[in-house]
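S.K.: Just so we're aligned: 711 in the working numbering is position 128 of the sequence shown, and the numbers increase by one with no gaps anywhere.
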Amino acid sequence: MAVSQSFIDYAKDLFGPFGEIVVRRMFGAAGVYCDSLFFAVLDEDVVYLKADDENRAEFERAGALPFTFESKENARVSMSYYAAPADFYDDPDEARRWTLLALDSARRAAKVKRKRRKPPGRSKRASP
Numbered sequence: 584m585a586v587s588q589s590f591i592d593y594a595k596d597l598f599g600p601f602g603e604i605v606v607r608r609m610f611g612a613a614g615v616y617c618d619s620l621f622f623a624v625l626d627e628d629v630v631y632l633k634a635d636d637e638n639r640a641e642f643e644r645a646g647a648l649p650f651t652f653e654s655k656e657n658a659r660v661s662m663s664y665y666a667a668p669a670d671f672y673d674d675p676d677e678a679r680r681w682t683l684l685a686l687d688s689a690r691r692a693a694k695v696k697r698k699r700r701k702p703p704g705r706s707k708r709a710s711p
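#1: Applying the criterion that 16 or more other CB atoms from any shown protein chain within 10 Å of the CB defines a buried residue, is phenylalanine 610 buried or exposed?
#2: When the distance is taken between beta carbons, is serine 663 closer than 8 Å to aspartate 635?
#3: Measuring CA to CA, which of Tyr672, Glu603, Tyr631 is closest to phenylalanine 614?
#4: To which residues of the same chain is tryptophan 681 closer than 8 Å at the C-beta, ignoring the five residues directly before and after it?
#5: Classify proline 600 as helix, strand or coil using the three-state DSSP reduction.
#6: With DSSP run on the structure shown, which of helix, strand or coil describes phenylalanine 621?
#7: Excluding the 5 residues preceding and the 5 following phenylalanine 650 in the sequence, name in chain order all residues of the same chain whose CB lies nearer than 8 Å to its CB.
#8: According to DSSP, simplified to helix, strand and coil, what is serine 688?
#9: Please classify glutamate 641: does DSSP put it in a helix, a strand, or coil?
#10: Figure out for me which residue from Asp596, Val605, Ala612 has the closest Cα to the Cα of alanine 585.
#11: DSSP state of valine 587, grouped into three classes?
#12: Quick one: Cα of isoleucine 591 to Cα of alanine 640, how far?
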């Protein structure tokens with residue numbers, strides 16, 4: 584797993600129109616955040632876009648392969664990120680369409696996480 588600095592720069596330019604882009608290196612790959620939403624992974628100079636139950640079939644119909652990695656136990660682990668289709672790199676309209684699908688997935692995931700969090704409770708102190 585590795586990603587070149589030139590590909591990271593390319594991704595920042597590609598995704599820049601969508602919001603504030605931050606790329607963080609992790610385990611040889613890189614995570615891409617747009618306005619704090621984790622929506623893409625860069626690995627081996629390939630863009631992997633976030634998918635979920637609402638749009639996974641669209642990625643699969645396009646022939647996109649899932650992002651996988653080998654765990655410490657030598658097991659193959661698959662994540663909810665799929666390789667961007669070939670037309671993503673050649674057609675700005677397609678790049679926009681696929682990026683918006685990934686951002687929508689990231690937004691849905693963020694909403695689910697927010698709903699799961701419990702609001703801070705009041706402390707139970709004895710009254711004087």
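Don't be surprised by glycine CBs; every beta carbon is placed ideally from N, CA and C. Since the model is a prediction, treat every value here as computed from it, not as a measurement.
M.R.: Once the coordinates are examined:
#1: The residue in question, phenylalanine 610, is exposed, as its Cβ has fewer than 16 Cβ neighbours within 10 Å.
#2: Yes, they are a contact pair.
#3: The sequence as given places glycine at residue 614; phenylalanine does not occur at that position. Nearest C-alpha to glycine 614: Tyr631.
#4: Here the set comprises Leu632, Ala667, Pro668, Phe671.
#5: Helix at proline 600.
#6: In the three-state DSSP reduction, phenylalanine 621 falls in the strand class (E or B).
#7: Hits under 8 Å: Val624, Asp626, Tyr631, Ser661, Met662, Tyr664, Tyr665, Ala666.
#8: Correct three-state label for serine 688: helix.
#9: DSSP places glutamate 641 in helix when its eight states are reduced to three.
#10: Ranked by Cα distance from alanine 585, the first of Asp596, Val605, Ala612 is Ala612.
#11: Inspection of the sequence shows that residue 587 is occupied by serine rather than by valine. Under the three-state reduction of DSSP output, serine 587 falls in the coil class, being neither helix nor strand.
#12: Answer to the nearest angstrom: the Cα atoms are 27 Å apart.
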